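Enquirer: Just passing along the structure, written as structure tokens.
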Amino acid sequence: MIQGKGRWASVMLPALFLVAFLVLPLLLMGVMSVRPRLQGGIFNTDWTPTLDHYQTVFESGSFLPLLGTSARIALLVGCLATLLAYPLAYFLVFRAGRRASVLLVLLILPFWTSYLLRVIAWKIILGSNGAINSFLLYSGMIEEPSPLLLYNRSAVVVTLVYVWLPFVALPIYAALLRVDRSWLEAAGSLGATRRQTFLKVTLPLSLPGVVAGFLMVFIPTVGEYVAPILVGGTRGSMYGNIIETFFGDGINWPLGSALAFIMLGCVLVVVVIAVKTLRVDRMLEES
Amino acid sequence: MSKHALAFVAFALMLAACAGAASTSTTAETVTGGDLSVLEWAFYEVPEMWVEFGEEYPDSNVEFSFGASDEDIYAKILAGSGEDIIHLYTPYLQFYVDEGLIQPIDTSKLTNWDKVAEGFKESCTIDGEVYCVPWDWGFSSILYRTDMVPEGVDSWDALFDPAYAGHVSMWDSGNAAVTVSSYIMGIDEREITEEQMAEIEQMWIDQKDVNLFYWTDEAELEAAFTNGDVWVAYAWNGAYYRLLSAGVPVAYADPAEGRNSWVGQYAISADAESYDLALAFLDGKLGEQTATNLLVDYAYGHVVPDYYGVVEDTNLVEALSLDDPGILERTNFTVPITQEQLEAFVAMWAEVKAAG
Amino acid sequence: MTSRPGKVLPAYYLLIVFLLYIPLGILFLFSLNEGTALSFPLQGVSLDWYRGMLDNDQLLTAVRNSAIVATVSGLMATLLGTLAAMGLIRLRFRGRSLLLAVALMPLLVPFLILGVALLILFSATGVARSLVTVALAHTVVAIPYTLLIMMARLIGFDRAVEEAAADLGASYVYTLRRVVMPMIAPAMLAAFLVAFTLSFDEFVLASFTVGREPTLPVFIFGQLRFANRFPEVVALASVVMVVSIGLLLVAERLQQAYSGRVTTQRSSGEGASA
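In structure tokens:
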């Protein structure tokens, strides 16, 4: 689909854009992380690089364990969201017929309202005189409003799965689109059951979309900080909250940058391992 | 291009058109080529908040840009956003002075300076030099539900009381946490030793057992008070006023250690082009009409006590303790701290939040 | 095995959509609430907030700004993502894995960090912050999504179709326009939707790169400090929802009318049978 002299433009254009607006700023942030302190203004060059901030992070007894916890939460959210989204995408591609694009957008629409407002609405649902508790009280299942639904890690997981669910459906939807119906019919006429057809034909073909969807959720969730603030309660903080604390409350950008770089490094390692293991480069070759 | 895509681009444009048609041409303040630029908080850009200046200088163009928090504003100024006037809050004043971002105020040119209450003037004075004009203020104290806490609250350590476990909410601020601890321990937060800092950290780690969540905005806190999740909280008087007006049974403590008061301050940037014009703007902020609007419309205190008579809403009088002239003397004004000190406070707070 | 698959999947879809819209229903209820507290029980019914919202010029301007930024960054991200996907899949070059890694990197960076980094970049290069800088920031973070979606679609895209068109005498451009594009258009739409959605509601990056004109999330966040004006924001959320659904229905009507006149062959999932 790409021919002629223009073909390299297809790669150069995105590459240049990314270098200017992603690589360069990140390099600046790397420089920031070895700066002793943010004094004399941002452009002050009168300082000597130091690894003190990295040392602070490694020596703290709670920052790195929190990174591990955040990664586990992200894993859980990613798996749940992907599992729940798959049937949605399947439905849209194979059962929705001509309505598919409308139903797809119906799924996405809630995300054109503010994330902040939607989470606040969930707080009301989960809260002590919210819908769930009111129902439980009314039906006599409990005698007092349960404080367990909100202000804890579980609330963070539920909220994040809720937020990411439609997003994950999209790449799975896109991947399932390339499953040709005639192949399914062929499999059927060769004697395969619906389940076998799904497991042996549909699922493998949709795998790139599933992997894409999972990564789309997992990686940013490791650094999530808004949901913990809103519904996580006292003990619901994640690693992102610590970074935000340093960039926010305090003007300690150097330490915040160091924390961010450590997280970046860990996630990169995980992704590289995942990519190599799942042979994503092989998937790229299938063309 | 597929019809679907077209439909959606059309939809987005329609949405934009709807919004665009409803709002007329952008308000004059945002047209380029202004004479004064102000880095402000949302809502303070309306003309009611600078009435006197608008009347005296009807031809000048005032442009507003916005920050969402103290550190956001500081970050923007530090990165060189270049506004002439900055609306900051204690205790960030010291940062701006240390970094040379603002210039001293020539109070002799301010017609309203003498009307400002002493405590507020002091909050703007560092080493004898006045660096800002104070304007809005409010209290921080302990807000509590009178029906859940009938015995009342008389000390800051109510925030740590196991009797209220699961119903306490602290503001998510390391600085505020240290301030509260400093009141309880009776020490000056500018002179905290390392041992004291470790003690403070442990205090707040223990406090996690009684704390339900750390609030970050007042709406969240007010909702929690209204539905009874929170009984005792660190709160500003705005929340007190709104809950009173909504009929929720709350009271605002007058703790033995004294309440805290924060002050909003206007400073002039070191590179401001029209110093005298900026001064005139600040002078206007101290005027009566502006003060009235601030008090009545936004329920925040103004630094000139002479104007308090305009407030008729009894809930507001109560919330700001306007009828209690001695209150300001019993109040601890937030002190300006250095960037290093704030960093230490925040590092402590990060450890508290990360701890299991 | 379970009951007829024909019933389960649609039921599941409906259930999820129902769950997705519940918070919106609740928001809608609160926009009709008389008081300002966001909790049950409601304090009375009132349309005051809607009236207030319409007078709220800043609120409406913020919505307009967000729509513009989201559209622009969505289009840019879809374009760049599609180009990159094509290049990564069809071309062989040494930096391939590197380009992929860099293109996916925005996913690893907390927006907070990228926001500050971009702020520094723009200040250093003297670029004034504005809706343009917000759009640039949003494009950067949308590219991983558009790239992944387009890659998932393009992997296994059958070369034979292109070759057949060429054999039949079609020029390269014609093939691209009339053969390839229609086949990948639904995926491009999906990519655009993701990028648009990402941008419309994005707060952190916007708050660092925005200039004098706020986007909607930035505006909303600034309003949170003033709880007494908050319900107007909630009223706006309800209106955006109703308008969106209305436009959606209109688009659906148009689409049905259009496809009633033209029969198109589609090889992928949107076939006729249910």
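Protein chains in written order, with the working numbering: chain A, 1 to 287; chain B, 1001 to 1356; chain C, 2001 to 2274.
Glycine included, C-beta positions come from ideal geometry on N, C-alpha and C.
Because the structure is a prediction, the values reported are computed rather than measured.
#1: Which residue's Cα is closest to the Cα of residue 1097 of chain B: B/1266, B/1319, B/1140?
#2: So, does the CB of residue 2214 of chain C fall closer than 7 Å to a CB anywhere in chain A?
#3: Check whether the region 1169-1184 of chain B and the region 1342-1349 of chain B touch, using three or more Cβ-Cβ pairs below 8 Å as the test.
#4: Label residue 1963 of chain C either buried or exposed according to how many other C-beta atoms from any shown protein chain fall within 10 Å of its C-beta, with 16 as the threshold for buried.
#5: Measure from the alpha carbon of residue 231 of chain A to the alpha carbon of each residue in B/1257, B/1221, B/1102, then state which is nearest.
#6: How would you list, in chain order, the residues of chain B whose beta-carbon sits under 8 Å from the beta-carbon of residue 128 of chain A?
#7: Secondary structure at residue 1335 of chain B, three-state DSSP: helix, strand or coil?
#8: Roughly how many angstroms lie between the CA atoms of residue 1118 of chain B and residue 1305 of chain B, to the nearest whole one?
#9: In the structure shown, what three-state DSSP assignment does residue 1201 of chain B receive?
#10: Can you give me the C-alpha to C-alpha distance between residue 1289 of chain B and residue 1051 of chain B, rounded to a whole angstrom?
#11: Does the distance from the C-beta atom of residue 2187 of chain C to that of residue 2149 of chain C stay below 7 Å?
#12: Below 8 Å on the Cβ atoms is my guess for residue 1110 of chain B versus residue 1252 of chain B; work out the distance and round it to an integer in Å.
#13: Could you check if residue 239 of chain A is buried or exposed, using at least 16 other CB atoms within 10 Å of its CB as the buried criterion?
#14: Any idea what DSSP makes of residue 1026 of chain B, helix, strand or coil?
#15: State the beta-bridge partners of residue 1145 of chain B as determined by DSSP.
#16: Counting only Cβ-Cβ distances shorter than 9 Å, please list the residues of the region 2008-2032 of chain C near chain B, keeping chain order.
#17: Going by other Cβ atoms of all chains shown within 10 Å of its Cβ, with 16 needed for buried, is residue 178 of chain A buried or exposed?
#18: Can you name the residues of chain B whose CB is closer than 8 Å to the CB of residue 2211 of chain C?
#19: Which residues in chain A sit within 8 Å of residue 2167 of chain C, going by Cβ to Cβ distance?
#20: Can you name the residues of chain C whose CB is closer than 8 Å to the CB of residue 1079 of chain B?
#21: Tell me the rounded alpha-carbon separation between residue 35 of chain A and residue 1354 of chain B.
#22: Which one of C/2026, C/2027, C/2086 has the shortest CA to CA distance from residue 13 of chain A?
#23: Using DSSP with H/G/I as helix, E/B as strand and the rest coil, what is residue 152 of chain A?
#24: If we count Cβ pairs, one from each stretch, closer than 8 Å, do we get three or more for the region 1145-1152 of chain B versus the region 1196-1210 of chain B?
#25: Do we get a CB-CB distance below 7 Å when we pair residue 16 of chain A with the residues of chain C?
#26: Out of B/1085, B/1076, B/1126, B/1058, which one is the CA nearest neighbour of residue 1338 of chain B?
#27: Looking at the C-beta of residue 2087 of chain C, does it have a partner C-beta in chain A at a distance below 7 Å?
#28: Kindly say whether residue 1260 of chain B, judged by its beta-carbon, lies nearer than 7 Å to any beta-carbon of chain E.
#29: From residue 2112 of chain C to residue 1158 of chain B, what distance separates their C-alpha atoms?
#30: With a threshold of 7 Å between beta carbons, is residue 1115 of chain B in contact with chain A?
#31: Roughly how many angstroms lie between the CA atoms of residue 2060 of chain C and residue 2054 of chain C, to the nearest whole one?
#32: Can the beta-carbon of residue 114 of chain A be found less than 7 Å from the beta-carbon of residue 261 of chain A?
#33: Which complete alpha helix (DSSP H) runs does the region 190-236 of chain A hold, if anything under 4 residues is left out?
#34: I'd like to know if the region 204-217 of chain A and the region 164-179 of chain A are in contact, where contact means that at least 3 CB-CB pairs between them fall below 8 Å.
#35: Short check: CB of residue 1211 of chain B to CB of residue 1258 of chain B, under 7 Å?
#36: Could you name the residues of the same chain whose beta carbon sits closer than 6 Å to that of residue 2140 of chain C, not counting the 5 residues immediately before and after it, in chain order?
Expert: In short, the structure shows the following:
#1: For the purposes of this step, residue 1097 of chain B is identified with residue 97 of the second sequence, where counting begins at 1. Closest option to residue 1097 of chain B, Cα to Cα, is B/1266.
#2: As a working note, residue 2214 of chain C is residue 214 in the third sequence. No, because no Cβ of chain A sits closer than 7 Å to the Cβ of residue 2214 of chain C.
#3: yes
#4: Past the edges of chain C, shown from 2001 to 2274, lies residue 1963 of chain C, and the structure says nothing about it.
#5: For this step, residue 231 of chain A is matched to residue 231 along the first sequence. Here the closest residue by C-alpha is B/1221.
#6: Mapped onto the first sequence, residue 128 of chain A falls at position 128. What residue 128 of chain A touches in chain B: 1227, 1228, 1229.
#7: By one-based count along the second sequence, residue 1335 of chain B stands at place 335. Reduced to three states, the DSSP call for residue 1335 of chain B is coil.
#8: By 1-based counting over the second sequence, the position of residue 1118 of chain B is 118. By 1-based counting over the second sequence, the position of residue 1305 of chain B is 305. Taking the straight line from one Cα to the other gives about 10 Å.
#9: Counting from one through the second sequence, the residue named residue 1201 of chain B turns up at place 201. When secondary structure is reduced to three states using DSSP, residue 1201 of chain B falls in the helix class.
#10: What you label residue 1289 of chain B is simply residue 289 of the second sequence in a count that begins at 1. What you label residue 1051 of chain B is simply residue 51 of the second sequence in a count that begins at 1. Taking the straight line joining both Cα atoms gives about 6 Å.
#11: Translated into the one-based positions of the third sequence, residue 2187 of chain C becomes position 187. Translated into the one-based positions of the third sequence, residue 2149 of chain C becomes position 149. Yes.
#12: On the second sequence, position 110 is the one that residue 1110 of chain B refers to. On the second sequence, position 252 is the one that residue 1252 of chain B refers to. The Cβ separation is near 32 Å, so there is no contact.
#13: By 1-based counting over the first sequence, the position of residue 239 of chain A is 239. Classification for residue 239 of chain A: buried.
#14: Taking the first residue of the second sequence as position 1, residue 1026 of chain B is located at position 26. In this prediction, residue 1026 of chain B scores a pLDDT of 34, lower than 50, which makes its location untrustworthy; no coordinate-derived value is stated.
#15: Your numbering for residue 1145 of chain B matches position 145 in the second sequence. B/1250.
#16: Those would be none; no residue qualifies.
#17: Taking the first residue of the first sequence as 1, we reach residue 178 of chain A at position 178. By the beta-carbon neighbour count (other beta carbons within 10 angstroms, threshold 16), residue 178 of chain A is buried.
#18: Residue 2211 of chain C sits at position 211 when you count from the first residue of the third sequence. Those within 8 Å of residue 2211 of chain C in chain B are 1065.
#19: Here residue 2167 of chain C corresponds to residue number 167 of the third sequence, with the count starting at 1. Here the premise fails: no neighbours, minimum Cβ distance about 15 Å.
#20: Residue numbering aside, residue 1079 of chain B sits at position 79 when the second sequence is read from its first letter. Around residue 1079 of chain B, the beta-carbon contacts reaching into chain C at under 8 Å are 2119, 2120, 2123.
#21: Numbered from its first residue, the first sequence carries residue 35 of chain A at position 35. Numbered from its first residue, the second sequence carries residue 1354 of chain B at position 354. Straight through space, the alpha carbons of residue 1354 of chain B and residue 35 of chain A are spaced by roughly 24 Å.
#22: Position 13 of the first sequence holds residue 13 of chain A. Restricting attention to C/2026, C/2027, C/2086, the CA atom closest to the CA of residue 13 of chain A is found in C/2086.
#23: Position 152 of the first sequence, counting from 1, holds the residue named residue 152 of chain A. If DSSP states are grouped into helix, strand and coil, residue 152 of chain A belongs with coil.
#24: no
#25: What you label residue 16 of chain A is simply residue 16 of the first sequence in a count that begins at 1. No, residue 16 of chain A does not count as interfacial toward chain C.
#26: As a working mapping, residue 1338 of chain B is identified with position 338 in the second sequence. Comparing Cα positions, the closest option is B/1126.
#27: Position 87 of the third sequence, counted from the start, is the residue given in the question as residue 2087 of chain C. At least one chain A Cβ lies under 7 Å of residue 2087 of chain C.
#28: Checking the listed chains, one finds no chain E in this structure; the protein chains it contains are A, B and C.
#29: To locate residue 2112 of chain C, count along the third sequence from 1; it is residue 112. To locate residue 1158 of chain B, count along the second sequence from 1; it is residue 158. Their backbone Cα atoms lie some 35 Å apart in a straight line.
#30: Counting from one through the second sequence, the residue named residue 1115 of chain B turns up at place 115. Not one chain A Cβ lies under 7 Å of residue 1115 of chain B.
#31: To locate residue 2060 of chain C, count along the third sequence from 1; it is residue 60. To locate residue 2054 of chain C, count along the third sequence from 1; it is residue 54. For residue 2060 of chain C and residue 2054 of chain C, the distance between alpha carbons rounds to 8 Å.
#32: As a position in the first sequence, residue 114 of chain A is number 114, starting the count at 1. As a position in the first sequence, residue 261 of chain A is number 261, starting the count at 1. Not in contact: residue 114 of chain A and residue 261 of chain A (Cβ atoms no closer than 7 Å).
#33: 194-197, 203-222, 226-231
#34: As far as the Cβ criterion goes, the region 204-217 of chain A touches the region 164-179 of chain A, which means the pair count is three or higher.
#35: The residue you call residue 1211 of chain B lines up with position 211 of the second sequence. The residue you call residue 1258 of chain B lines up with position 258 of the second sequence. Not in contact: residue 1211 of chain B and residue 1258 of chain B (Cβ atoms no closer than 7 Å).
#36: Reading the third sequence from its first residue, position 140 is the one you call residue 2140 of chain C. Counting only residues of its own chain and dropping the five nearest sequence neighbours on each side, residue 2140 of chain C has a CB closer than 6 Å to the CB of 2106.
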